[in-house]
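Novice: Read in UniProt numbering, the sequence shown has 139 at position 139, and its numbers run on one by one without any break.
Cβ coordinates follow ideal geometry from the N, Cα and C atoms, glycine included.
All values derive from a computational prediction rather than experimental measurement.
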Amino acid sequence: MTNLTTLLLNTGIVDAMPTLLAQTSSYPSSGEAAAVSAGANLVSLLFYAVIYAFTSFCGMKILQTLNYENAWLAWVPIGNVYAYLEAGEQDQPIVWTIVSLIPCVGLISLIKIIPAWINICNQLGKTPMILWAILVPCLGPFIVFGYLAFA
Numbered sequence: 001m002t003n004l005t006t007l008l009l010n011t012g013i014v015d016a017m018p019t020l021l022a023q024t025s026s027y028p029s030s031g032e033a034a035a036v037s038a039g040a041n042l043v044s045l046l047f048y049a050v051i052y053a054f055t056s057f058c059g060m061k062i063l064q065t066l067n068y069e070n071a072w073l074a075w076v077p078i079g080n081v082y083a084y085l086e087a088g089e090q091d092q093p094i095v096w097t098i099v100s101l102i103p104c105v106g107l108i109s110l111i112k113i114i115p116a117w118i119n120i121c122n123q124l125g126k127t128p129m130i131l132w133a134i135l136v137p138c139l140g141p142f143i144v145f146g147y148l149a150f151a
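What follows is the structure, encoded as structure tokens:
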């Protein structure tokens, strides 16, 4: 038995076994994992900041085209819902803006938000069918807001 062990140790087979069996123990350190996680978070934050800036700018342009008095509300997270409801000629925009903030119940506010956007499209002379493009992952907001603001 000792001759076999000596033979395996001298030929380097024992040292090569983890590599041959794809069982290496070189896991990234917690510092490396934290760096990768921070990088991914930074990329996500940048992506969402670009979407927010673009949709807010386009929303402001849309509201200006509609001669909405407070077009700057497009930059305010809750104010933009109110502005779009009011520009879309929906009744009780304050109530529906508040309803949109309530978790789960906020989905009911789509009853007023979707017709508001249809009215906005009609006022701009654009087809409301473009609103379906909002469902395109990642590109939807760019397509809809860009088309309504600049086309």
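Is residue 40 buried or exposed, if buried means 16 or more other CB atoms sit within 10 Å of its CB?
Specialist: Flag for residue 40 reads exposed.
Novice: Report the CB separation of residue 155 from residue 71 in whole angstroms; it is logged as a contact under 8 Å.
Specialist: Absent from the structure is residue 155, since the part of the chain shown begins at 1 and ends at 151.
Novice: What is the DSSP secondary structure of residue 32, reduced to helix, strand or coil?
Specialist: Three-state result, residue 32: helix.
Novice: What's the gap between the Cα of residue 73 and the Cα of residue 98?
Specialist: Using only the alpha carbons, I get a separation of about 15 Å.
Novice: Taking contact to mean 3 or more Cβ pairs, one atom from each stretch, closer than 8 Å, check whether the region 47-58 and the region 136-143 are in contact.
Specialist: At 8 Å Cβ cutoff, the stretches touch.
Novice: Assign residue 149 to one of two classes, buried (16 or more other C-beta atoms within 10 Å of its C-beta) or exposed (fewer than that).
Specialist: Looking at its Cβ environment, which holds 16 or more other Cβ atoms inside 10 Å, residue 149 is buried.
Novice: Taking 9 Å as the CB-CB cut-off, is residue 73 touching chain E?
Specialist: Absence of chain E from the displayed structure is noted, only one protein chain being present.
Novice: Taking residue 94 as the reference, give the member of 113, 125, 61 with the closest Cα.
Specialist: Looking at the Cα atoms, 113 is the closest of the given residues.
Novice: In angstroms, rounded to a whole number, what distance separates the CA positions of residue 49 and residue 43?
Specialist: Their backbone Cα atoms lie some 10 Å apart in a straight line.
Novice: Could you tell me the distance, in whole angstroms, from the CA atom of residue 46 to the CA atom of residue 34?
Specialist: If I take the Cα positions, the gap works out to 18 Å.
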